[in-house]
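J.: Under my numbering, the first residue of the sequence shown is numbered 1, with each subsequent residue one higher.
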Amino acid sequence: MKKLLTGIVGLAFLLGPIVQAAEPPSATTPARRKATRAALPFDDTRDFEFARRGFVGTRTDPVIPRDGGGVAWNLSDYDFLKGEAPDSVNPSLWRQAQLLSIHGLFQVSERIWQVRGFDLANITFVAGDSGWIVIDPLTTVETARAALELANERLGPRPVVAVIYTHSHVDHFGGARGVVDAALLEAGKVRIIAPHGFLEEAVSENVIAGVAMSRRANFQFGQRLSPGPEGRISSGIGQAVANGAISLIAPTETIDKTGQVLTVDGVRMAFQYTPGTEAPAEMNIHFPDWRVLCMAENANPTMHNVLTPRGALVRDAKVWADYLTEALVLFGDQTDVMFTSHGWPRFGGPVVRDYLASHRDAYKYLHDQTVRLLTQGYVGAEIAARIELPPVLARQWYNRGYYGSMAFNSRAVYQRYMGWYDANPVNLAPIPPAQAASRYVKAMGGRDKVLALAAEAHAAGDYPWAATLLNHLVLADPSDTAAREQLARAYDQMGWQDESAIGRNMYLTGAQELRQGAPKASGPATASLDMVRSLPTPMIFDLMAVRLDPAKVGDAEVSVIFVFPERNERYRVQVRNRVLTALPVDEAAKADATFTLPRDLFLQSLFTGKPLAGEVMAGRAKVSGDVGALQRLTGWFDAPKGDFPIVWRPQ
Ligand SMILES: [Zn+2]
């Protein structure tokens, strides 16, 4: 069967970095740097003190190897982040990257430590009465294992007796098998605790549109950019995504309401359930006996994304703000230390309360003012261009837009309420981009004229206008190398000016692909078999349905029953009217063919392309009825495209 699941997990990139050729930062960039320096409190160095407080030690070997060869993480990748920002980096982003690249094991409170800077997120070690309670075991098995080794080496070895996932994103659970002892897990001696809905959300967020999200995540995280002053600086919430094996261990217990209290290995924890905030399933944790608060990913030291540019379902800025208010009410007066799953902790009750309140105000302002402006008739791009946090909030470093930003997020709020349409009928049936581009180029007087106008705009430092003009040229004729290079140069400058880490990554990756072409798809993310196995069966059929190519189906019809005896599941998959549907059926149901096989075999076939015919021959799968029915069905699927063009259109 075709590889339907190829690349469903967006973060396992295998491609090496490529060196970028570019013009130097332009004369307008230092002017902008100066303005940024003047606007922000660079003399406030408290974040650096917090980020270094409690340092115990770090790895001696900077390289965390990848199982099976290669590098999972290299701590020395960001050694260049020393001193003042060069002209090719926004100084505010430079500062954030310096903070996020501080790595090692740090004591947060008497019995809580964190390893930071070993992956995109933090891993937290809580000393229980008999072993470690691990909160958020990073993205990969390799980085999580390295963090545990560091903690055990510096603090004395302890067994891992519990793992807590604060939420359903892969950078917080993918490394679970790197910290959990398989034998202890098998014996039921490791508690795995997660918010209600965790498992379904963890696997579903990357499934239906997963391949396209992977491709776009490559831009967002700048995975193919080399770390360096003219390349990748940071991702804004962490330096980058580790490159290694992704695992998933299902929770053994879940939290579904605020106020729920658990005692885990002698440690009392009170939970705040915060669904629909930064992740669909998320929770904060309070340690009442120690006056410590874990805010999961609900209060990172940056404005977060309400709608991640790689693609995601839109989140709710208002709900997010409301849960921050609830956290303040529930825990504010009973907290002296706060830590998060990205970034560094905050120390001191008043500091924590002020942080939570001002961070909440930023999301609330974003929401309320976007809605106010849209009710005055402004559309997304206009709101994005004019909305700004009030100075008192904007001067707080943790409200700066290193990951999300007011420009991205206000458009997300607009989308949440109003959708894609701006109510201008001209946009009801827009001319597709490549066609419109050709016509604009002609209307503006032809290619050479547009190129000259763009050069003028570039020389004046008006890079967004230069990019707009050049984008028309590249969309009209992707083989125009001069236009591509000039557009790449505009993107270089925009990337170097940008305060957003991911904005920078997206501009610089755009420039890279204009110069070097799009990468070849990186192949199946086989490391995520754990995630595939956790998919509920109906979701597997949903995925098949969105791969059905109607041109291949024509007017044909087919029905096949799949029986997975070990799960007591029987589904009939039917294709008619060029639509695939699947429903659970009983034994009396009829179909063209019936396949009986372990679900794992079926998944392997989907995931690796292993032919089912071989399984039938080997007696591992049984078939009755019309054997050709399955062949017909499997011939109708499209292979997902992991390397589609983005900065030009397919010709
Ligand atoms: Zn995260």
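For every residue, glycine included, the Cβ atom is placed at its ideal position computed from N, Cα and C.
Can you say whether PRO309 is buried or exposed, counting buried as having 16 or more other CB atoms within 10 angstroms of its CB?
T.: Position 309 of the sequence shown, counted from the start, is the residue given in the question as residue 309. The residue in question, PRO309, is buried, as its Cβ has 16 or more Cβ neighbours within 10 Å.
J.: Are the Cβ atoms of SER247 and GLY174 separated by less than 8 Å?
T.: Counted from its first residue, the sequence shown places residue 247 at position 247. Counted from its first residue, the sequence shown places residue 174 at position 174. Yes. Within cutoff.
J.: List, from N- to C-terminal side, the alpha helix (DSSP H) runs of 4 residues or more that fit wholly inside the segment 389-476.
T.: Complete alpha helix (DSSP H) runs here, min 4: 391-394, 406-418, 433-443, 447-459, 463-476.
J.: Throw me the rounded Cβ distance for the THR277 and VAL319 pair, which I believe falls under 8 Å.
T.: Along the sequence shown, read from residue 1 onward, the residue named residue 277 stands at position 277. Along the sequence shown, read from residue 1 onward, the residue named residue 319 stands at position 319. Correct: roughly 6 Å between the Cβ atoms.
J.: In chain order, what residues of the same chain lie with their CB nearer than 7 Å to the CB of ASP256, ignoring the 5 residues before and after it?
T.: In the sequence shown, counting from the first residue as 1, residue 256 sits at position 256. HIS196, TYR273, listed in sequence order.
J.: Going by DSSP, what residues sit across from GLN272 in a beta bridge?
T.: Here residue 272 is taken as the residue at index 272 of the sequence shown, counted from 1. Looking at the DSSP assignment, GLN272 forms a beta bridge with ASN284.
J.: Is it right to say ALA182 is buried, meaning 16 or more other beta carbons lie within 10 angstroms of its own, or is it exposed?
T.: Taking the first residue of the sequence shown as position 1, residue 182 is located at position 182. Its Cβ having fewer than 16 others within 10 Å, ALA182 is exposed.
J.: Between the alpha carbons of TYR355 and GLU297, how many angstroms are there, rounded?
T.: The residue labelled residue 355 in the question sits at position 355 within the sequence shown. The residue labelled residue 297 in the question sits at position 297 within the sequence shown. Their Cα atoms are separated by approximately 14 Å.
J.: With a threshold of 16 other CB atoms inside 10 Å of the CB of GLN651, please say whether the residue is buried or exposed.
T.: Here residue 651 corresponds to residue number 651 of the sequence shown, with the count starting at 1. GLN651 comes out exposed.
J.: Counting Cβ pairs, one atom from each stretch, are 3 or more of them under 8 Å apart for the segment 112-123 and the segment 232-244?
T.: As far as the Cβ criterion goes, the segment 112-123 touches the segment 232-244, which means the pair count is three or higher.
J.: Helix, strand or coil for LYS2, going by three-state DSSP, please let me know.
T.: By 1-based counting over the sequence shown, the position of residue 2 is 2. For LYS2, the predicted model reports a pLDDT of 45, less than 50, meaning its position is unreliable; a value from the coordinates is still stated below. Looking at LYS2 - three-state DSSP - the assignment turns out to be coil, as it is neither helix nor strand.
J.: Measuring CA to CA, which of SER92, SER101, TRP73 is closest to LEU81?
T.: Position 81 of the sequence shown holds residue 81. Ranking SER92, SER101, TRP73 by Cα distance to LEU81 puts SER101 first.
J.: Here's a check: name, in chain order, each residue in its chain whose Cβ is nearer than 6 Å to the Cβ of MET494, leaving out the five neighbours to either side.
T.: Start at 1 with the first residue of the sequence shown, and residue 494 comes out as number 494. Excluding positions up to five away in sequence, the list reads TYR463, TYR507.
J.: Which residue from ASP477, ARG484, ASP480 puts its Cα closest to that of GLN467?
T.: Position 467 of the sequence shown holds residue 467. Position check: residue 467 holds Ala in this sequence, whereas Gln was assumed. Considering only alpha carbons, the answer is ARG484.
J.: Would you mind reading off the limits of the alpha helix (DSSP H) that contains GLU326?
T.: The residue you call residue 326 lines up with position 326 of the sequence shown. Taken as a continuous stretch (DSSP letters only), the alpha helix (DSSP H) holding GLU326 covers 317-331.
J.: Does the distance from the C-beta atom of GLY131 to that of ASP265 stay below 8 Å?
T.: Within the sequence shown, the letter at position 131 stands for residue 131. Within the sequence shown, the letter at position 265 stands for residue 265. Cβ atoms of GLY131 and ASP265: closer than 8 Å.
J.: Can you grab the Cα-Cα spacing for the pair ASP542 / TRP636, in whole Å?
T.: Indexing the sequence shown from 1 puts residue 542 at position 542. Indexing the sequence shown from 1 puts residue 636 at position 636. In a straight line, the C-alpha of ASP542 is about 15 Å away from that of TRP636.
J.: Could you tell me which residues DSSP puts in a beta bridge with ILE123?
T.: Counting from 1 along the sequence shown, the entry for residue 123 is found at position 123. ILE123 pairs with VAL115.
J.: Go through its chain and collect everything with a Cβ distance to LYS2's Cβ below 7 Å, but skip five positions before and after it.
T.: Translated into positions along the sequence shown, residue 2 becomes position 2. Confidence at LYS2 is low in this model, with a pLDDT of 45, below 50, so the placement of that residue is unreliable and no value is reported for it.
J.: Have a look at GLY188 and GLY311 and give me their C-alpha separation to the nearest angstrom.
T.: As a first step, residue 188 must be located in the sequence shown, where it is residue number 188. As a first step, residue 311 must be located in the sequence shown, where it is residue number 311. For GLY188 and GLY311, the distance between alpha carbons rounds to 37 Å.
J.: What whole-angstrom Cβ distance do HIS103 and LEU138 have, given they're in contact under 8 Å?
T.: Here residue 103 is taken as the residue at index 103 of the sequence shown, counted from 1. Here residue 138 is taken as the residue at index 138 of the sequence shown, counted from 1. That belief does not hold up - the Cβ atoms of HIS103 and LEU138 are roughly 13 Å apart, past 8 Å.
J.: The alpha helix (DSSP H) spanning GLU615 covers which residue range?
T.: Position 615 of the sequence shown, counted from the first residue, corresponds to residue 615. Here the alpha helix (DSSP H) through GLU615 covers 612-617.
J.: Going by the CB atoms, is the gap between LEU262 and ILE192 shorter than 8 Å?
T.: Walking along the sequence shown from the start, residue 192 turns up at place 192. Walking along the sequence shown from the start, residue 262 turns up at place 262. No, the pair does not count as a contact, with Cβ atoms beyond the cut-off.
J.: Which stretch, first to last residue, makes up the beta strand (DSSP E) that contains TYR571?
T.: As a working note, residue 571 is residue 571 in the sequence shown. First-last of the beta strand (DSSP E) with TYR571: 569-576.
J.: What's the C-alpha gap between GLY222 and ALA245?
T.: Counting from one through the sequence shown, the residue named residue 222 turns up at place 222. Counting from one through the sequence shown, the residue named residue 245 turns up at place 245. Approximately 19 Å between the Cα atoms of the pair.
J.: Can you have a look at GLY350 and say buried or exposed, based on whether 16 or more other CB atoms are within 10 angstroms of its CB?
T.: As a working mapping, residue 350 is identified with position 350 in the sequence shown. The sequence given here places Pro at residue 350; Gly does not occur at that position. That one is exposed.
J.: Can you tell me whether MET617 is buried or exposed? The criterion is at least 16 other CB atoms within 10 Å of its CB, across all chains shown.
T.: For this step, residue 617 is matched to residue 617 along the sequence shown. When all chains shown are included, MET617 counts as exposed.
J.: Can you name the start and end residues of the alpha helix (DSSP H) that GLY495 belongs to?
T.: The residue you call residue 495 lines up with position 495 of the sequence shown. Where GLY495 is concerned, the enclosing alpha helix (DSSP H) stretches over 481-497.
J.: Report buried or exposed for GLU142, applying the criterion of at least 16 other Cβ atoms within 10 angstroms of its Cβ.
T.: For the purposes of this step, residue 142 is taken as the residue at position 142 of the sequence shown. GLU142 is buried by the Cβ-count criterion.
J.: For ligand 1, I want to know if HIS172 counts as a neighbour, meaning its beta carbon is within less than 7 Å of at least one of the ligand's heavy atoms.
T.: Your numbering for residue 172 matches position 172 in the sequence shown. Checking the Cβ of HIS172 against ligand 1 gives yes.
J.: Look at the alpha carbon of VAL647 and the alpha carbon of TYR403, and state the distance between them as a whole number of angstroms.
T.: Residue numbering aside, residue 647 sits at position 647 when the sequence shown is read from its first letter. Residue numbering aside, residue 403 sits at position 403 when the sequence shown is read from its first letter. Answer to the nearest angstrom: the Cα atoms are 21 Å apart.
J.: Got a sec? Which residues, its chain only, sit under 7 Å from LEU40 by beta carbon, not counting five neighbours each side?
T.: Within the sequence shown, residue 40 is the residue found at index 40, counting from 1. These residues qualify, in order along the chain: SER92, ARG395.
J.: Nearest to ARG567 by CA position, among THR537, THR325, VAL560, is which residue?
T.: In the sequence shown, the residue the question calls residue 567 occupies position 567. Ranking THR537, THR325, VAL560 by Cα distance to ARG567 puts THR537 first.
J.: Does ligand 1 have even one heavy atom less than 7 Å from the beta-carbon of GLU297?
T.: As a first step, residue 297 is located in the sequence shown; it is residue number 297 there, counting from the start. Result yes, Cβ under 7 Å from ligand 1.
J.: Which residue comes first and which comes last in the alpha helix (DSSP H) that contains VAL532?
T.: As a first step, residue 532 is located in the sequence shown; it is residue number 532 there, counting from the start. Segment 529-533, the alpha helix (DSSP H) holding VAL532.
J.: Is the distance from the Cβ of TRP397 to the Cβ of PRO301 below 8 Å?
T.: As a first step, residue 397 must be located in the sequence shown, where it is residue number 397. As a first step, residue 301 must be located in the sequence shown, where it is residue number 301. Against a cut-off of 8 Å, the Cβ pair of PRO301 and TRP397 comes out as a contact.
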